[in-house]
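Notes follow the structure.
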Amino acid sequence: MELIVKDLLINFLFVLLPIFFMQMLYLASYLYRFERIKASWFVVFPVISFVLCMLFPFSFGDGFNFDLRRVPFLLGILYGGPGFAAWLLPALLAARFFIGGSGFFITLFTFTPIAVLAMFFSKYYLKMPLKQKLPSVGVLTLFSLLLTTYVAGQIYDMHMTVSMWVIFYMLNIVCILIATVLLEVIKTNFDVLQKLMKAEKLEIVSNLAASISHEVRNPLTASREFMQLSYESDIPPETKEQILISIQELDRATGIINDYLTFAKPAPDEAEAIILHETINHAVNVLIPLANMNSIELDVSVEKKEHCYILGERKKLEQAFINIIKNAIEAMSNGGKIRIKTTYEHHLAKIRICDQGKGMTQKQIDRLGEPYFTTKENGTGLGTMVSFSIIQSLGGRIQVTSKVNKGTCFVIELPTVHK
């Protein structure tokens, strides 16, 4: 009995070690911007883990090996999804086949349906909070253990005592619960680190914007007025054209400075009751000419809800919508359709803005809203940064999903009030 517990505790160590190595690699890739490191590479860690578990099992005889291989196997699929499942299942079966013994067939008949079940469950699992993940992964592990016990009993004549089965069940369940908590803690730590680094950058930009924007905008305004007077005077057409270009560039510079000021002071000056569908329709009407020039259709489905409002400054919310929709238009160089839809759930308004543009990678999505980060050649990143700042100042949040060459979807959630 003591030998069984010792072997399974060694397996427990093999489960935990790759998790910490994975944390180190992820931290290095984030801090030092290792662009070549892809998320798919992390599949190697659960493979290393369950291979080590199978190499040091509790052997029951006649090729029957008991270990904690299901822990890294299940967690790898739950967190990695179908892409990881396509690698983990063949790797597990191949490793078990080369180890040899009759137990290969138990692995084949039990882990294949478990992999399929975990693969379909993973998309729901990732959206769960920790308090729901723990019982879910515990039940899934228990089911896999019961399936293994049933298949082994049907195919072979097993002679394990009840106490041995209880220890095996308990260690598997406890191990996967501890590993899940560790993964969630690591994930939370990296989320906090990412937010802190982004907050530091935003604070620097905010301080710079507040300190220099007014001083820069005043001379620009004066220069524009003098150029406007020169443009309206009797001068040669060539000079007029040059002055017009200068005025347009000054207006562009003033717009960038206004974005800085909006970001530096995102809080609404006077909160008002905003009617959401009117605000979205106004933003869409502003951008219809730009959409038509780019052969883009704006498909708007805005739900009207009586006595339901958003508290904030209407002009700034309009600006946020205009920036996001304009980015969607500019991302669709070959035309297409942009879908804008609003729904209401409890005390939240959800606005979905989905395009059919070039899309973004996950690393690009993670950097959205950072100062000076943009996916456009001539962009500044200020429009997106200001939009994020405005939505957050209204107590809302933005979720972004995207696939390269397929499109991007912004989901904006804003709190509502009823009058």
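Under our numbering, think of the first position of the sequence shown as 555, with each following residue one higher. Idealized CB from N, CA, C, for every residue including glycine. Note that the structure is a prediction, hence the values are computed from the model and not measured.
Start-to-end residues for the beta strand (DSSP E) that takes in residue i
{"i": "residue 853", "result": "850-855"}
{"i": "residue 964", "result": "961-969"}
{"i": "residue 890", "result": "890-899"}
{"i": "residue 828", "result": "826-828"}
{"i": "residue 681", "result": "Premise fails: residue 681 is in no beta strand (DSSP E) and is neither H nor E."}
{"i": "residue 917", "result": "It is not in any beta strand (DSSP E) - residue 917 instead sits in the alpha helix (DSSP H) that spans 916-920."}
{"i": "residue 936", "result": "Careful: residue 936 lies outside any beta strand (DSSP E), inside the alpha helix (DSSP H) at 936-947."}
{"i": "residue 904", "result": "902-908"}
Terminal residues of the alpha helix (DSSP H) in which residue i lies
{"i": "residue 868", "result": "868-884"}
{"i": "residue 956", "result": "Per DSSP, residue 956 belongs to no alpha helix (DSSP H); it is in the beta strand (DSSP E), 951-957."}
{"i": "residue 631", "result": "624-634"}
{"i": "residue 602", "result": "598-609"}
7 Å Cβ cutoff met for residue i and residue j
{"i": "residue 883", "j": "residue 830", "result": "no"}
{"i": "residue 897", "j": "residue 871", "result": "no"}
{"i": "residue 598", "j": "residue 645", "result": "no"}
{"i": "residue 628", "j": "residue 672", "result": "yes"}
{"i": "residue 693", "j": "residue 625", "result": "no"}
{"i": "residue 911", "j": "residue 885", "result": "yes"}
{"i": "residue 603", "j": "residue 572", "result": "yes"}
{"i": "residue 842", "j": "residue 868", "result": "no"}
{"i": "residue 894", "j": "residue 854", "result": "yes"}
{"i": "residue 958", "j": "residue 913", "result": "yes"}
{"i": "residue 866", "j": "residue 909", "result": "no"}
{"i": "residue 729", "j": "residue 622", "result": "yes"}
{"i": "residue 808", "j": "residue 774", "result": "yes"}
{"i": "residue 738", "j": "residue 684", "result": "yes"}
{"i": "residue 889", "j": "residue 919", "result": "no"}
{"i": "residue 695", "j": "residue 727", "result": "yes"}
Cα-Cα separation, residue i to residue j
{"i": "residue 949", "j": "residue 968", "result": "7 Å"}
{"i": "residue 785", "j": "residue 916", "result": "48 Å"}
{"i": "residue 787", "j": "residue 805", "result": "20 Å"}
{"i": "residue 825", "j": "residue 770", "result": "28 Å"}
{"i": "residue 928", "j": "residue 790", "result": "40 Å"}
{"i": "residue 964", "j": "residue 795", "result": "40 Å"}
{"i": "residue 705", "j": "residue 667", "result": "12 Å"}
{"i": "residue 653", "j": "residue 612", "result": "13 Å"}
{"i": "residue 905", "j": "residue 566", "result": "45 Å"}
{"i": "residue 748", "j": "residue 741", "result": "11 Å"}
{"i": "residue 745", "j": "residue 733", "result": "18 Å"}
{"i": "residue 675", "j": "residue 955", "result": "19 Å"}
{"i": "residue 640", "j": "residue 576", "result": "20 Å"}
{"i": "residue 793", "j": "residue 803", "result": "16 Å"}
Given residue i as reference, the closest of the options once Cα atoms are compared
{"i": "residue 901", "options": "567, 810, 971", "result": "971"}
{"i": "residue 936", "options": "951, 865, 812, 826", "result": "812"}
{"i": "residue 921", "options": "674, 751, 730, 946", "result": "751"}
{"i": "residue 708", "options": "657, 743, 835", "result": "657"}
{"i": "residue 903", "options": "802, 567, 864, 919", "result": "864"}
{"i": "residue 718", "options": "670, 579, 620", "result": "620"}
{"i": "residue 953", "options": "803, 802, 681, 792", "result": "681"}
{"i": "residue 978", "options": "781, 687, 836", "result": "Residue numbering for the chain in the displayed model covers 555 to 973; residue 978 lies beyond these limits and cannot be assessed."}
{"i": "residue 578", "options": "679, 743, 802", "result": "743"}
{"i": "residue 776", "options": "923, 801, 575", "result": "801"}
{"i": "residue 731", "options": "793, 799, 690, 715", "result": "690"}
The ligand ATP heavy atom lying under 6 Å from the CB of residue i
{"i": "residue 665", "result": "As presented, the structure is devoid of all ligands, the ligand ATP included, so that no description of it is given."}
Given 8 Å, three or more beta-carbon pairs between the stretch 692-709 and the stretch 723-732
yes
Could you say if the stretch 937-951 and the stretch 847-859 meet the contact criterion of at least three C-beta pairs nearer than 8 Å?
no
Say whether the stretch 603-612 touches the stretch 636-655, bearing in mind that this needs 3 or more beta-carbon pairs closer than 8 Å, one atom from each stretch.
yes
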